[in-house]
């Protein structure tokens, strides 16, 4: 599990792609995240839970299977690109964001960006299948960041980002057209799906 609080930005130093449905990313971790690493440990890369397969100092390897390549933005990354990173939460850690599984459900596109003196508002396309779960003031995971949803329209939603988020994550350099990973809040999904199922059963009774 993860908290959605990005701990650092990693740089992809190499990509090995022996087959169309399999890739290995070598990621250089920030110094602060490179202590007590273990093979088999989970690390969130742009919100996607990946398993460490090899360790060489601060460089760690992650294998990406077909499902990961199909459902996330990781398959489009090349050497030199960067990713938001978070190591798996431990019992006793502060949950500053919201609990996240690291299971990306879809991707979306940044449609536009509104700038002000101290804030940045990013607008995203709202996938049709996710409309029931994207609610004003609800939680959403975007590239591994736990964020509060601002406005929701028929085709878009936005989040408001403070300077700290812009400084610590890739959202400080994101631009319109960029592809972003989405993880919906599992509690919201459970409630919405349960209510929909109950209403459907009542309607058919």
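In UniProt numbering, the protein residues as written are 1 to 205.
Even for Gly, the Cβ is constructed at its ideal location relative to N, Cα and C.
- Item | Classification of residue 197 by the beta-carbon crowding that lies within 10 angstroms, buried from 16 upward | exposed
- Alpha carbon to alpha carbon, how far is residue 29 from residue 111? 30 Å
- Does DSSP put residue 79 in a helix, in a strand, or in coil? coil
- Query: Among 179, 154, 9 and 77, which residue has its Cα nearest to the Cα of residue 58?
  - Reply: Among 179, 154, 9 and 77, the Cα nearest to that of residue 58 is on 9.
- Task: Would you mind reading off the limits of the alpha helix (DSSP H) that contains residue 190?
- Result: 186-204
- Applying the criterion that 16 or more other CB atoms from any shown protein chain within 10 Å of the CB defines a buried residue, is residue 98 buried or exposed? buried
- Those residues which DSSP pairs with residue 107 across a bridge: The bridge partners DSSP lists for residue 107 are 181.
- What's the C-alpha gap between residue 117 and residue 157? For residue 117 and residue 157, the gap between their C-alpha atoms comes out near 21 Å.
- Item | Distance CB(residue 130)-CB(residue 184) smaller than 8 Å | yes
- Item | Alpha carbon of residue 178 to alpha carbon of residue 137, nearest angstrom | Straight across, the Cα-Cα distance linking residue 178 with residue 137 is about 23 Å.
- Query: Just how far apart, CA to CA, sit residue 50 and residue 3?
  - Reply: 15 Å
- Query: In this structure, what does DSSP give as the bridge partners for residue 100?
  - Reply: DSSP output for residue 100 lists 2 as bridge partner(s).
- Message: Less than 8 Å between the beta carbons of residue 60 and residue 74, yes or no?
- Response: no
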